[in-house]
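Structure record follows, encoded as structure tokens.
Residue numbers (the working numbering): 44 to 377.
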């Protein structure tokens, strides 16, 4: 099922396509293959992989949404893949360029029969982000004695993101702004605070700002770190507005259950560890005391594809439209 909508924004036309993510999902040629769900949906065990991942999401959701849910089966989480492409009108014609892909949650309340809107932003992935981190940043620091960040790093990506999220198409389809939930950083330390949110759990404070935090701030996003009940490590929640009051409890639970599941699959050393993060927590992918899920995942392939797709963005988007993009970025304002 595809739902296509267009919105014009200066020189750009955004197209939003929606595809159901269930056990029968097959990645299309337009899908960014580095996305977690696309990685799971390939190979001989693709259907069982998807089924296991979706069961993990639903079980975690019902465990967190336990009020008036004695059997732990009241809710069913439905996932849709939102693919955003961008067309640039110029003298050479119109080109469809892949931009962003995320998951959106929708929640079926089996007790009332109602559909509850979840949260968009899960599994956030972007071609330009791949270019920035896997191509531009690597090339810029090649043969340099110390790591530095290029001037204006992330500016274009941040403005493209804000342009889409503030577009008429986004506002027509989504009531709430996205929450982008990521793993905590392996080179930062996190300290648990006294504050405990009824859904998000204990809040943690990060010892210093990360490059990802800076990059996402240019998208208009702030970050807070929480460890939900019965989780073993905190997660980073990037958001605009007020994370604690702008979303429903079920919306927050849908984001937690979806992203915690993918993190358990993708980073089991942190999120499927056999011990719980303490008051002072230092995450590490070298941690060896963890359990594996019953979902096959090729992490090395994902890293390799990130570079390949960053190069794709460079070849088909950054270089051909550099003058247009620089002019648009210099004049963009909300």
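We put the beta carbon where it would ideally sit given N, CA and C, even for glycine.
Inset, instruction - Note down the Cα distance separating residue 77 from residue 156, rounded to an integer number of angstroms. - result: The residue given as residue 77 occupies position 34 in the chain shown. The residue given as residue 156 occupies position 113 in the chain shown. Low confidence applies to residue 77: its pLDDT is 46, below 50, so where it sits in the model is not reliable enough to give any reading.
Inset, instruction - Check the DSSP bridge columns for residue 282 and list the partner residues they point to. - result: To locate residue 282, count along the chain shown from 1; it is residue 239. For residue 282, which the question treats as bridged, DSSP gives the partners 265.
Inset, instruction - Whole angstroms is fine: what's the gap from residue 370's alpha carbon to residue 185's? - result: The residue you call residue 370 lines up with position 327 of the chain shown. The residue you call residue 185 lines up with position 142 of the chain shown. When rounded, the distance between both Cα atoms is 28 Å.
Inset, instruction - Along the alpha helix (DSSP H) that carries residue 172, what are the first and last residues, could you check? - result: Translated into the one-based positions of the chain shown, residue 172 becomes position 129. Looking at the DSSP string, the run of the alpha helix (DSSP H) that includes residue 172 is 170–174.
Legend entry - Rounded separation between residue 126 and residue 65 - CA only: As a working mapping, residue 126 is identified with position 83 in the chain shown. As a working mapping, residue 65 is identified with position 22 in the chain shown. Each residue's Cα considered, the two are about 16 Å apart.
Inset, instruction - Compare the beta carbon distance of residue 178 and residue 354 with 7 Å and say whether it is the shorter of the two. - result: If you number the chain shown from 1, residue 178 lands on position 135. If you number the chain shown from 1, residue 354 lands on position 311. Yes, the Cβ-Cβ distance between residue 178 and residue 354 is below 7 Å.
Inset, instruction - Take residue 296 as the anchor and find which of 165, 92, 143, 114 has the nearest alpha-carbon. - result: Counted from its first residue, the chain shown places residue 296 at position 253. Cα-wise, what sits closest to residue 296 is 165.
Legend entry - Counted within 10 angstroms of its Cβ, other Cβ atoms place residue 236 as buried (16 or more) or exposed: For the purposes of this step, residue 236 is taken as residue 193 along the chain shown, with counting starting at 1. The residue is exposed, with fewer than 16 neighbouring Cβ atoms inside 10 Å.
Legend entry - Cα-Cα separation, residue 60 to residue 207: Translated into positions along the chain shown, residue 60 becomes position 17. Translated into positions along the chain shown, residue 207 becomes position 164. The straight-line gap from Cα to Cα measures roughly 13 Å.
Inset, instruction - Would you mind reading off the limits of the beta strand (DSSP E) that contains residue 153? - result: In the chain shown, counting from the first residue as 1, residue 153 sits at position 110. Counting along the chain, residue 153 falls outside any beta strand (DSSP E), and DSSP gives it neither H nor E.
Inset, instruction - Please state whether DSSP places residue 181 in a helix, a strand or coil. - result: Position 138 of the chain shown, counting from 1, holds the residue named residue 181. DSSP places residue 181 in helix when its eight states are reduced to three.
Legend entry - For residue 226: DSSP bridge partner residues: Within the chain shown, the letter at position 183 stands for residue 226. BP columns for residue 226 point to 278.
Inset, instruction - Could you spell out where the alpha helix (DSSP H) holding residue 216 opens and where it closes? - result: Here residue 216 refers to the residue found at position 173 when the chain shown is read from its first residue. Element bounds for residue 216: 211–216.
Inset, instruction - Provide the residue span of the alpha helix (DSSP H) that contains residue 235, from first to last. - result: The residue you call residue 235 lines up with position 192 of the chain shown. Per DSSP, residue 235 belongs to no alpha helix (DSSP H); it is in the beta strand (DSSP E), 233–240.
Inset, instruction - Determine the contact status of residue 139 and residue 128, defining contact as a CB-CB distance below 7 Å. - result: Locating residue 139 in the chain shown gives position 96, where the first residue counts as 1. Locating residue 128 in the chain shown gives position 85, where the first residue counts as 1. Yes, these two residues count as a Cβ contact at 7 Å.
Inset, instruction - Please report the Cβ distance between residue 341 and residue 82, rounded to the nearest whole angstrom; I am assuming they are in contact, meaning their Cβ atoms lie under 8 Å. - result: Counting from 1 along the chain shown, the entry for residue 341 is found at position 298. Counting from 1 along the chain shown, the entry for residue 82 is found at position 39. That pair is a contact at about 6 Å.
Inset, instruction - Please report how far the alpha carbon of residue 276 lies from the alpha carbon of residue 364, in whole angstroms. - result: In the chain shown, the residue the question calls residue 276 occupies position 233. In the chain shown, the residue the question calls residue 364 occupies position 321. Between residue 276 and residue 364, the C-alpha separation is close to 42 Å.
Inset, instruction - Return the CA-CA distance between residue 94 and residue 337, expressed in angstroms with no decimal places. - result: Working through the chain shown from its first residue, we reach residue 94 at position 51. Working through the chain shown from its first residue, we reach residue 337 at position 294. Cα to Cα, residue 94 sits roughly 10 Å from residue 337.
Legend entry - Under 7 Å between C-beta atoms of residue 272 and residue 294: Position 229 of the chain shown, counting from 1, holds the residue named residue 272. Position 251 of the chain shown, counting from 1, holds the residue named residue 294. Contact: no.
Legend entry - Contacting residues, own chain, Cβ-Cβ under 6 Å from residue 232 (five flanking each side not counted): Indexing the chain shown from 1 puts residue 232 at position 189. Here residue 232 has 250, 325 as same chain residues with Cβ atoms under 6 Å from its own Cβ, once five neighbours each way along the sequence are excluded.
Inset, instruction - Give the DSSP-derived three-state secondary structure of residue 349 in the structure shown. - result: Position 306 of the chain shown holds residue 349. In this structure, residue 349 counts as helix in the three-state DSSP scheme.
Legend entry - At least three beta-carbon pairs within less than 8 Å, the region 254–262 to the region 197–215: yes
Inset, instruction - Measure how close the beta-carbons of residue 120 and residue 150 come, nearest whole angstrom, since I'm counting them as under 8 Å. - result: Start at 1 with the first residue of the chain shown, and residue 120 comes out as number 77. Start at 1 with the first residue of the chain shown, and residue 150 comes out as number 107. So it is a contact: roughly 6 Å between Cβ atoms.
Legend entry - Enclosing alpha helix (DSSP H) for residue 204 [first to last residue]: In the chain shown, counting from the first residue as 1, residue 204 sits at position 161. That run of the alpha helix (DSSP H) goes 198–208.
Legend entry - Other residues of its chain near residue 335: CB distance less than 8 Å, five sequence neighbours each side excluded: Counting from 1 along the chain shown, the entry for residue 335 is found at position 292. 311, 315.
Inset, instruction - Can you give me the Cβ contacts of residue 308 inside the same chain, cut-off strictly under 6 Å, excluding the 5 residues immediately before and after it? - result: Residue 308 sits at position 265 when you count from the first residue of the chain shown. Excluding sequence neighbours, residue 308 sits near 336, 338, 340.
Inset, instruction - Could you give the DSSP three-state label for residue 115: helix, strand or coil? - result: Within the chain shown, the letter at position 72 stands for residue 115. Note: residue 115 maps to coil in three-state DSSP.
Legend entry - Cβ-based neighbour list, residue 63, same chain, cut-off 8 Å, excluding 5 preceding and 5 following: What you label residue 63 is simply residue 20 of the chain shown in a count that begins at 1. These residues qualify, in order along the chain: 44, 121, 122, 123, 124.
Inset, instruction - Grab the span of the beta strand (DSSP E) containing residue 294 for me, first residue to last. - result: One-based indexing of the chain shown puts residue 294 at position 251. Run containing residue 294: none in the beta strand (DSSP E); it sits in the alpha helix (DSSP H), 292–309.
Inset, instruction - Please work out which residues of its chain come closer than 8 Å, Cβ to Cβ, to residue 204, disregarding the five sequence neighbours upstream and downstream, and give them in chain order. - result: Counted from its first residue, the chain shown places residue 204 at position 161. Cβ within range, chain order: 143, 169, 262, 263.
Inset, instruction - Using a threshold of 7 Å, state whether the C-beta atoms of residue 153 and residue 117 are closer than that. - result: Taking the chain shown and counting its residues from 1, the one referred to as residue 153 is at position 110. Taking the chain shown and counting its residues from 1, the one referred to as residue 117 is at position 74. In this structure, residue 117 lies closer than 7 Å to residue 153 by Cβ.
Inset, instruction - Could you pull the start and end residues of the alpha helix (DSSP H) that residue 259 belongs to? - result: Position 216 of the chain shown, counting from 1, holds the residue named residue 259. Its alpha helix (DSSP H) spans residues 254–260.
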